[in-house]
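I have placed the structure first, in the form of structure tokens, so that the comments after it can refer back to it.
What follows is the structure, encoded as structure tokens:
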């Protein structure tokens, strides 16, 4: 493992311009993002497509190191203060 | 790797040993090493390849600088697969690591999950710095480039529409934390002077009652701050979702997370969002508001997940 760890879990603050780097992909600029914020987005966000290898994250058995507890333990039927996400119409059939 | 090749290598080694003692000794030791290792040392000639997909963008040249840069999952090069006016950001990866079983095993360990998540994010983020991007869910893998092209064509209209919708926007995280320790040590002195304790037991009970009352106040204050912050930023927010509150080991040391929202905000109002959130969230001891990002629009890349997620305080 040589990816940077966030020891204290602090979220990063960086300005938009700082993200640009000289090299094509570049080393990460600024402090790394907190893993938990990243996992919020990568495990529940992102467009879900039916890849050839269907490996739904929900099906992955994240129990070997009690990973679900590490990541979160909230189940979610709580009401949201926000309106449902508004987006362009007709997204359902394509990205669902 | 075939058995034949290994047999040949051993034959060669024996030949060497007959002709030259020193070379033969090296060859023999190589032979022992190769017998000890379970797998052949040479890479297979045509290892099956899978295609890992990070995200989708428009085929307008913006992402060309990312191609071939390395920095993808496991250090693989990033490539662009273009079709129908769109590009998919991909890496060619070995099937032995990215077929379902190995990938599943990897995701079941936190270091493996973190490594993949950070690599995925690095590519999406680098793309997002240059162009609107539709991030894909972690671990989307296709069996070949043609399948990726087919996917781009099949969803072309929806992708194009999403990219138009997301253009010029950033995702900002908006989190509210309660830190009972900070509150009880600093700004929550007992509301009335403590009566003279009549016994150590009674003193303990009084203290506990004050603590409990302080904690309840704090949760109410956190709810009020959340509502206030939500109102304050509403004007700048195009769309929002509530992720589940963060709990568990990874969130340790930051107080108790009571709200964990993602907001889609026009990039040019990001500063206003931050200012509003910080202003609305300041001034309540023991309640903290954090803004994270800007993120690529991970939380807005597909319709809200079924079974709606909530951000209410844990009970």
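Protein chains in written order, with my numbering: chain A, -16 to 79; chain B, 159 to 473.
The beta carbon of each residue, even a glycine, is placed where N, CA and C say it ideally should be.
All of these numbers come straight from a predicted model, not from anything done at the bench.
- prompt: Would you say residue 378 (chain B) reaches chain A, if we count a Cβ-Cβ gap shorter than 8 angstroms as a contact?
  reply: It does not; no Cβ of chain A falls within 8 angstroms.
field: Cβ-based contacts, 7 angstroms cut-off: residues of the stretch 386 to 404 of chain B near chain A
entry: Those would be 388, 397, 398, 399, 400, 401, 402, 403, 404, in chain order.
message: For residue 391 (chain B), which residues in the same chain have their Cβ closer than 6 angstroms to its Cβ, ignoring the five residues on either side in sequence?
response: Answer for residue 391 (chain B): 431, 434, 435, listed in chain order.
query: Relative to the alpha-carbon of residue 451 (chain B), which residue among B:459, B:393, B:333, B:310 has its alpha-carbon at the smallest distance?
result: Looking at the Cα atoms, B:333 is the closest of the given residues.
task: For the alpha helix (DSSP H) holding residue 318 (chain B), just list the boundary residues, first then last.
output: That run of the alpha helix (DSSP H) goes 314 to 324.
- prompt: Taking all protein chains shown into account, do 16 or more other C-beta atoms lie within 10 angstroms of the C-beta of residue 415 (chain B), making it buried, or fewer, making it exposed?
  reply: Residue environment: residue 415 (chain B) is assigned as buried (16 or more neighbouring CB atoms within 10 Å of its CB, all protein chains considered).
- request: From the DSSP output, read off the bridge partner residues of residue 424 (chain B).
  value: In DSSP, residue 424 (chain B) forms a bridge with B:327.
- prompt: Along chain A, which residues have their Cβ under 8 angstroms away from the Cβ of residue 261 (chain B)?
  reply: 36, 38, listed in chain order.
- prompt: Counting contacts by CB-CB distance shorter than 8 angstroms, is residue 293 (chain B) in contact with chain D?
  reply: Included in the structure are the protein chains A and B, with no chain D among them.
Coarse secondary structure for residue 31 (chain A), derived from DSSP in three states: The three-state secondary structure of residue 31 (chain A), taken from DSSP, is coil.
message: Rounded to whole angstroms, what is the Cα-Cα separation between residue 25 (chain A) and residue 359 (chain B)?
response: Taking the straight line from one Cα to the other gives about 50 angstroms.
message: Can you confirm whether residue 427 (chain B), when its beta carbon is compared against all beta carbons of chain A, has any partner nearer than 8 angstroms?
response: Not flagged as an interface residue toward chain A: residue 427 (chain B), since no C-beta distance is shorter than 8 angstroms.
Residues of its chain near residue 466 (chain B), where Cβ-Cβ distance is below 7 angstroms and the 5 sequence neighbours each way are ignored: Residue confidence is low: residue 466 (chain B) scores 32 on pLDDT, short of 50, so the model does not pin down where it sits. Its coordinate-derived value is still stated next. Sequence-distant Cβ neighbours of residue 466 (chain B) in its own chain, meaning closer than 7 angstroms and more than five residues away, do not exist here.
field: Listed by chain order, chain A residues near residue 278 (chain B) by CB distance under 8 angstroms
entry: Here the neighbours are 25.
query: Is the Cβ-Cβ distance between residue 248 (chain B) and residue 222 (chain B) less than 8 angstroms?
result: No; because the gap between Cβ atoms is not below 8 angstroms, this pair is not in contact.
- prompt: Candidates B:368, B:243, B:382: which alpha carbon is nearest residue 309 (chain B)'s?
  reply: Measuring from the Cα of residue 309 (chain B), the nearest candidate turns out to be B:243.
- prompt: Can you find a C-beta in chain A that's less than 8 angstroms from the C-beta of residue 362 (chain B)?
  reply: At a cut-off of 8 angstroms between beta carbons, residue 362 (chain B) makes no contact with chain A.
task: Return the CA-CA distance between residue 394 (chain B) and residue 427 (chain B), expressed in angstroms with no decimal places.
output: Taking the straight line from one Cα to the other gives about 6 angstroms.
field: Residue range of the beta strand (DSSP E) that includes residue 299 (chain B)
entry: Taken as a continuous stretch (DSSP letters only), the beta strand (DSSP E) holding residue 299 (chain B) covers 292 to 300.
query: Which class does residue 260 (chain B) belong to by DSSP, given the choice of helix, strand or coil?
result: DSSP places residue 260 (chain B) in helix when its eight states are reduced to three.
message: Counting only C-beta atoms, is residue 434 (chain B) closer than 8 angstroms to chain A at any point?
response: So no, residue 434 (chain B) is outside the interface.
- prompt: On the premise that residue 380 (chain B) lies in contact with residue 38 (chain A), defined as a C-beta separation below 8 angstroms, what is that separation, rounded to the nearest angstrom?
  reply: About 37 angstroms separates the beta carbons of residue 38 (chain A) and residue 380 (chain B), which is beyond the 8 angstroms limit, so they are not a contact pair.
task: Just grab the DSSP bridge partners of residue 213 (chain B) for me.
output: Looking at the DSSP assignment, residue 213 (chain B) forms a beta bridge with B:247, B:293.
field: Contact with chain A by residue 246 (chain B), beta-carbon distance below 8 angstroms
entry: No - not a single Cβ of chain A is within 8 angstroms of the one on residue 246 (chain B).
- prompt: At what residues does the beta strand (DSSP E) containing residue 241 (chain B) begin and finish?
  reply: In this chain, the beta strand (DSSP E) harbouring residue 241 (chain B) covers 237 to 241.
- prompt: Which two residues bound the contiguous beta strand (DSSP E) that contains residue 384 (chain B)?
  reply: Annotation: residue 384 (chain B) is outside any beta strand (DSSP E); the continuous alpha helix (DSSP H) that includes it extends over 358 to 391.
- prompt: How do the stretch 260 to 272 of chain B and the stretch 213 to 231 of chain B stand: do at least 3 beta-carbon pairs fall below 8 angstroms, yes or no?
  reply: Between the stretch 260 to 272 of chain B and the stretch 213 to 231 of chain B, the count of Cβ pairs shorter than 8 angstroms is below three; the stretches do not touch.
Any 3 or more C-beta pairs closer than 8 angstroms across the stretch 275 to 292 of chain B and the stretch 251 to 260 of chain B: Touching, no.
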